[in-house]
Amino acid sequence: MKPRTLFEKVWDRHVIEQEEGKPATLYIDLHLVHEVTSPQAFAGLRLHGRSVRRPDLTTATMDHNVPTIHRSQPITDRTSVAQMDALVKNCQEFGIQLYDLDSPEQGIVHVIGPELGLTLPGKTIVCGDSHTSTHGAFGALAFGIGTSEVEHVLATQCLQQQKPKTMEVRIEGMLSPGVTAKDIILAVIAKIGTAGATGTVIEYTGKAIRQLSMEERMTICNMSIEAGARAGMIAPDETTFSYLRGRPKAPSEELFSEAIADWKQLVTDDGAIYDQQVILNASDIAPQVTWGTSPGMGTEVTNQVPFPEHYPTESEQKSVRRALDYMGLTPGTPITDIQVDRVFIGSCTNSRLEDLRAAAQVVKNRQVSPHVKAMVVPGSQQVKRAAEKEGLHHIFLAAGFEWRDSGCSMCLAMNDDSLGDKERCASTSNRNFEGRQGRGGRTHLVSPMMAAAAAIKGHFVDVRQWEPTIEEGLG
Amino acid sequence: MKPIRQHQGIVASLDRANVDTDQIIPKQFLKRIERTGFGQFLFYNWRFDENGKPDPTFELNKPSYDKASILVTGPNFGCGSSREHAPWALLDAGFHVIIAPSYADIFYNNCFKNGILPITLPQSLVSQLHSRIESAHTATLMVDLEKGTLTDHHGFAASFEIEPYRRHCLLNGMDDIAITLQKDESIQHYEQNRPLWYSIPNK
Ligand code: SF4
């Protein structure tokens, strides 16, 4: 048989029908649903008198809109309430499991999927959310869809899909202390651009990737969409299996070894060919900071804000000028001279336990700079409880951080957590678009350690030079 | 979904790269639970200043674009969030055709689901269109999806390609859920053979 890539294997396993010249009919193993992109899909079902084909393969949560503070009090934003109520009603009517606001398992959809063991190697996973790519860290084929497709999956448990192309992103070598998975993916995007992987599914390979924990792998796959990719994948291995074993929705122990035997086949065969390939060396990667309004507009913390005239084409110069104008930055300014007003540690990119541990280590026994307002928003209520068990919340609270309940929060600022006009934020989220964190707000994407260090110093710092010395625990 | 075959309309130019769906429809307007009524919020943060007044410096606020139904824009249009509210807002504001050098995948796909025709042209032709619109050489365009042609009244002519199946669906305004539902037998057969470990335990 022709050697195949990981993506091709998972794809082939799910094609139900493939007529010449038409998209494939692809079976979907897991459909995740949240409050913002689903109401119109359920309305569509009702309009046509259709039902949900596999409520048992569908799981819902509330995350985008939810308050992260004062949960016991009534929510004042009536339109948000209407959206959450609609989800409750839809899940009841169609028999879908919902982790609502009061559930101990509530959290950001891409954090709870893996945490519950719903995300498994070799599954096809979709959600009306572009960061569904996160789940690819387990060797699943996971991608975001629009609301019409949400309706399609609800009704049929299938999708009509054109087969994407493949791209290998190989990260060789080893990361230096203080450099994280977030810096890898930001460096990849800065290199290939925000449309660099359009139409492809990325597979991340190489020694540096194999050494990453599951949570770090999720950070990388999460931002595949920021490189334009449909999905990102990492072949499952022992790290994957031991993460999943015993999770509530993972296969029971009797099935688990059988499943592992199958999942071990989900690797790219020797001699399989990717349509495109990018290679980076982890040891060349430094902590990254974005300076612009697109995730590809980033650089190393040791660099300066770029000069528009150094870009080759007129249209690039124009976008850089526009971005710098919006961000209120002067070309040539050292990145470490940029002062921040706000710090946000959260989002489906960097809100898991290891992220909070890394940030806490930087913060420990220090104080947030007096002119900075900083907050930590755990990715799920489970992450929150686990962090509290380790006492991480004491570290953050003592330093002057706010410690919130879980949700998307200031990643997209649909709830009350948002930046004011011209407020500048060091954020561990994934998008620095104009107005993403609030109208006029200025977002710099960084790793949790870099965000924590910026909170303490009030400006960006190279976290590799953080005291106490690296040997005492960073990295 | 309404079929689209030929379309003639006023064309507007938004010459920016990487226009993301957060700009097309900012998140504060995603809380509606209907599919309609999003047009008034299209490009909201660019169209209006903080006080809700139209910003005269924003390209699409030109009075001559009032009735525009074709949008010519830059590369990687529609990147970012998967929100289908973006094509809903464009359609609701009267845009039926978009012309750009490239699109983000999810947005591109969402257009077809809503009867919007996203045409891909080489950057050089798109740049030419931008300057023709700018100098008022091109005010309207005629789009023929069946022939794959794009023309104006003053000698501009280009051809474009749409992948045949997508084209077929747009031309006929097809409901693809109905098409998949017809495959029920194959779906059932597939479901009977799925590995047991992909059933989700009820605990
Ligand atoms: S945390 Fe941000 S990126 Fe992730 S699902 Fe929520 S809004 Fe989307």
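Note that the protein sequences, when read in sequence, are chains E and C. In terms of UniProt numbering, the first sequence has 300 at position 300, counting the first letter as 1, and numbering is strictly consecutive. In terms of UniProt numbering, the second sequence has 15 at position 15, counting the first letter as 1, and numbering is strictly consecutive. We put the beta carbon where it would ideally sit given N, CA and C, even for glycine.
- For E/H152, the nearest CB of chain C lies under 7 Å from its own CB, placing it at the interface with that chain.
- The beta carbon of E/M297 sits closer than 7 Å to the beta carbons of T290, W291 and A323 from its chain, once the five residues preceding and following it are set aside; these are given in chain order.
- Set against 6 Å, the gap from the CB of E/H31 to the closest heavy atom of ligand 1 is not smaller.
- The beta carbons of E/C408 and E/D63 sit closer together than 7 Å.
- Secondary structure at E/M84: helix, using DSSP grouped into helix, strand and coil.
- DSSP lists E/T200 as the beta-bridge partner residues of E/K165.
- Runs of the beta strand (DSSP E) spanning 3 or more residues and lying entirely within the region 54-115 of chain E occur at 58-61 and 97-99, in chain order.
- E/I108 has its CB nearer than 6 Å to a heavy atom of ligand 1.
- Under the three-state reduction of DSSP, E/V446 is assigned to coil, being neither helix nor strand.
- With a beta-carbon spacing of about 6 Å, C/I116 and C/L91 fall inside the 8 Å limit used to define contacts.
- Residues of the region 30-56 of chain E with a Cβ closer than 7 Å to any Cβ of chain C, in chain order: V36, T37, P39, Q40 and D56.
- Shortest gap from the CB of E/D129 to any heavy atom of ligand 1: under 6 Å.
- Annotation: E/D417 to C/V143 spans about 44 Å, alpha carbon to alpha carbon.
- Between E/D29 and E/K123, the gap from beta carbon to beta carbon is short of 7 Å.
- Taking every protein chain shown into account, the CB of E/E216 has 16 or more other CB atoms within 10 angstroms, so this residue is buried.
- Residue contact check for C/R47 against chain E: no CB pair falls below 7 Å.
- In this structure, E/L412 has its beta carbon less than 6 Å from a heavy atom of ligand 1.
- Counting only runs of at least 4 residues, the region 100-155 of chain C fully encloses the following alpha helix (DSSP H) elements, listed from N- to C-terminal order: 105-113 and 123-134.
- DSSP, reduced to helix, strand and coil, places E/R342 within a strand of the structure shown.
- Minimum Cα-Cα distance from E/T333 among the listed residues E/P251, E/C348 and E/N303 corresponds to E/N303.
- At least one heavy atom of ligand 1 is found less than 6 Å from the C-beta of E/C348.
- Annotation for E/A359: I345, P448 and A452 place their beta carbon closer than 6 Å to its own, counting only its chain and skipping 5 residues before and after.
- Along the length of the region 234-313 of chain E, whole beta strand (DSSP E) runs at least 3 residues long occupy 276-281, 288-290 and 298-300, reported in chain order.
- Residue state for C/F29 is assigned as helix, using DSSP reduced to three classes.
- Chain-order list of chain C residues neighbouring E/G228: N76, C79, A104 and D105, by C-beta distance under 8 Å.
- Inter-residue distance for C/R35 and E/A60 is about 20 Å (C-alpha atoms, whole angstroms).
- One alpha carbon belongs to E/K182, the other to E/N222, and they sit about 10 Å apart.
- E/C408 has its CB nearer than 6 Å to a heavy atom of ligand 1.
- Note on geometry: alpha-carbon atoms of E/F433 and E/R385 lie some 31 Å from one another.
- Counting only Cβ-Cβ distances below 8 Å, E/F433 has contacts in chain C at D20, D22, Q23 and G80, in chain order.
- Contact of E/T156 with chain C by beta-carbon distance below 9 Å involves I177, T180, L181, K183, D184 and I187.
- At least 7 Å separates the CB of E/L186 from every CB of chain C.
- Here E/M218 has T134 and A137 as same chain residues with Cβ atoms under 6 Å from its own Cβ, once five neighbours each way along the sequence are excluded.
- The region 77-93 of chain E makes contact with the region 19-33 of chain C; the number of CB pairs closer than 8 Å reaches 3 or more.
- At least 7 Å separates the CB of E/Q317 from every CB of chain C.
- DSSP assignment within the region 26-106 of chain C yields the following whole beta strand (DSSP E) runs of 3 residues or more, N-terminal first: 70-73 and 97-100.
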